[in-house]
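Beneath this line is the structure, given in structure tokens, with notes to follow.
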Amino acid sequence: MDVKVSLGIALGAVLAIILIAFFGAQVPGLQPIFGIFLPYAAFVIFIGGFIYRVVQWGRSPVPFRIPTTCGQQKTLPWIKQNKLECPSSTLGVIGRMFFEVFFFRSLFKHTKAEMADGNIIYSPSKWIWAGALLFHYSFLIIVIRHLRLFMVPIPGFVKGLDTLDGILQVGVPGLYLTDVLLLVALAYLFIRRLAVPKMRYISLPADYFPLVLIFCIGATGILMRYFIRVDIVSVKQLTVGLASLHPVMPKGIGVIFFIHVALVSSLFIYFPFSKLMHAGGVFLSPGRNLANTNREKMHVNPWNYPVDIHSYEDYENDFREKMKAAGIPVERE
Amino acid sequence: MYDAGKIIIGLVIFVVFLTFAFWMDAGKAVPPPKPKLNTPVIMKMPKAERKCVESKEFMRTEHMQLLDTWRNEALREGNTEYINTNGKMYIVSLQNTCMKCHSNKKDFCDKCHDYAGVKPYCWRCHFVKGQMKNWE
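For the record, the sequence lines run as chains W and G.
Residue numbers are given in our numbering: position 169 of the first sequence equals residue 169, and the series is strictly consecutive.
Residue numbers are given in our numbering: position 117 of the second sequence equals residue 1117, and the series is strictly consecutive.
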């Protein structure tokens, strides 16, 4: 798909969400829809959709043992096994999954292909790993930090994270490090898709849309905190109402809040039906979550069914006379 | 489902994490904080004069920026006068102007700050008379 079309679809969709929320939240009587109904619906769709997708994957048989082997497999005792890259035990698999989930180990091995003097050469490139790690951890901290708006009393770890994130004490309200890092990381991931010709060629609207959407979520959140402020006490009244299942709709919350909520809700709704499901998918990747016991143990294809065998002996018994008549040699007369 | 045990454990952990706030808040009716405006100084004022330096709506969302500007103006520029939108002049001072009326930090400032989990660092320098202990 042409890059202009892809980008246009992604940007257009995000703009549509923003405009719907901007005008919708200003219509008297529609605020509860944007402030209460939409977040609840989005949350239910998110959890339901996520479970549905994971269960669908769980129901799919893995006919072959297909762990990716990036190191020496377990073999003769005097050959050293690479336990993390080619695990043969559950513990090894847990170790491999741990580093994959928390540190994106496979992205760390990313290489860059270049032409030099007519030869293709591969060199290590850590930028995508750094960008991805920065983005995911910033987003995680931001999500946990948001618990301060949903909980009374606020748990200690949320307060601690808040203090740590605002440790620079720049401005009032204090600047959060993750706010800046999130936008920087997203900008990198976005520009990478546009600037690298190979990335641009394979990028689809579904690649640009989540980046733009999350960027706008971050941008509206930053606007709301530092520039077009809203009354945080009213906001918390609404959010705590949602979390305690006694929803209330306080008056006088600025439109920017509803745009932020609409974007976040869109992300929640979109999540289970998109590439963002790699969050669940990483745990269900047979390439990574299977131990390499391919030859050590007997693995039977789970969809094998009992096959009726018709042996040669039976065949000969069935057709012995006809075979003899045609001059075909038989094993037993 | 293949490996149903492991997958279901994973999904349960996922759902419990996501709904953490729901479990902790379940059944709680949390009334929003009502900062108290009944300090002796405010009560002594005639009703018509009970006004903050700016409007209530402005103060709700912008007081932190106003105070930040005040701090910079007073300490860095030496400008200790603030003219509000109605043209009235105030002396730039958290302790002598703001807290002359709002002398009840516990029932005024802290009410909303605690509710929203905000810990402003005003109180590293400023204090309320007679409340220097148990600070922060």
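C-beta atoms are modelled at their ideal positions from N, C-alpha and C, and glycine is treated no differently.
Tell me the rounded alpha-carbon separation between residue 121 of chain W and residue 113 of chain W. 6 Å
For residue 65 of chain W, would you say it is in contact with chain G, using Cβ-to-Cβ distances shorter than 9 Å as the test? no
Quick check on this structure: which residue in W:103, W:261 and W:134 has the alpha carbon closest to the alpha carbon of residue 217 of chain W? W:261
Could you confirm whether any beta carbon from chain G is found closer than 9 Å to the beta carbon of residue 55 of chain W? yes
Within 10 Å of its beta-carbon, does residue 265 of chain W have 16 or more other beta-carbons around it, so buried, or fewer, so exposed? buried
Residues of its chain near residue 83 of chain W, where Cβ-Cβ distance is below 6 Å and the 5 sequence neighbours each way are ignored: 92
Exposure of residue 169 of chain W, with buried meaning 16 or more beta-carbon neighbours within 10 Å: exposed
Please compile the residues from chain W whose C-beta is within a distance smaller than 9 Å of the C-beta of residue 1007 of chain G. 54, 55, 57, 58, 283 and 284
Helix or strand or just coil, what does DSSP make of residue 226 of chain W? helix
Please compile the residues from chain G whose C-beta is within a distance smaller than 9 Å of the C-beta of residue 110 of chain W. Per Cβ cutoff of 9 Å: no residues; residue 110 of chain W is ~27 Å from chain G at best.
Return the chain-ordered list of same chain residues with a C-beta closer than 8 Å to the C-beta of residue 1080 of chain G, the five sequence neighbours on each side being excluded. 1073, 1074, 1091, 1092 and 1093
Where does residue 42 of chain W land, buried or exposed, given buried means 16+ other C-beta within 10 angstroms? buried
What in chain G is Cβ-close to residue 147 of chain W, meaning under 8 Å? 1020 and 1021
Does residue 1108 of chain G have its Cβ less than 9 Å from a Cβ in chain W? no
Roughly how many angstroms lie between the CA atoms of residue 204 of chain W and residue 104 of chain W, to the nearest whole one? 23 Å
Mind reading off the beta-carbon distance from residue 159 of chain W to residue 206 of chain W? Whole number of angstroms is fine, and I expect it under 8 Å. The pair is not a contact, with the Cβ atoms about 37 Å apart (cut-off 8 Å).
If I measure Cβ to Cβ from residue 243 of chain W and keep anything under 8 Å in the same chain, skipping five residues before and after, which residues do I get? 150 and 151
Would residue 255 of chain W and residue 16 of chain W qualify as a contact pair, given that the criterion is a beta-carbon distance under 9 Å? no
Mind pulling the chain W residues with CB within less than 8 Å of residue 1032 of chain G? 233, 234, 236, 237 and 250
Can you pull the chain W residues whose beta carbon is under 9 Å from the beta carbon of residue 1067 of chain G, in chain order? 172
Would you mind reading off the limits of the beta strand (DSSP E) that contains residue 383 of chain W? The structure shown does not extend to residue 383 of chain W, since chain W is modelled only from 1 to 333, so the question has no answer here.
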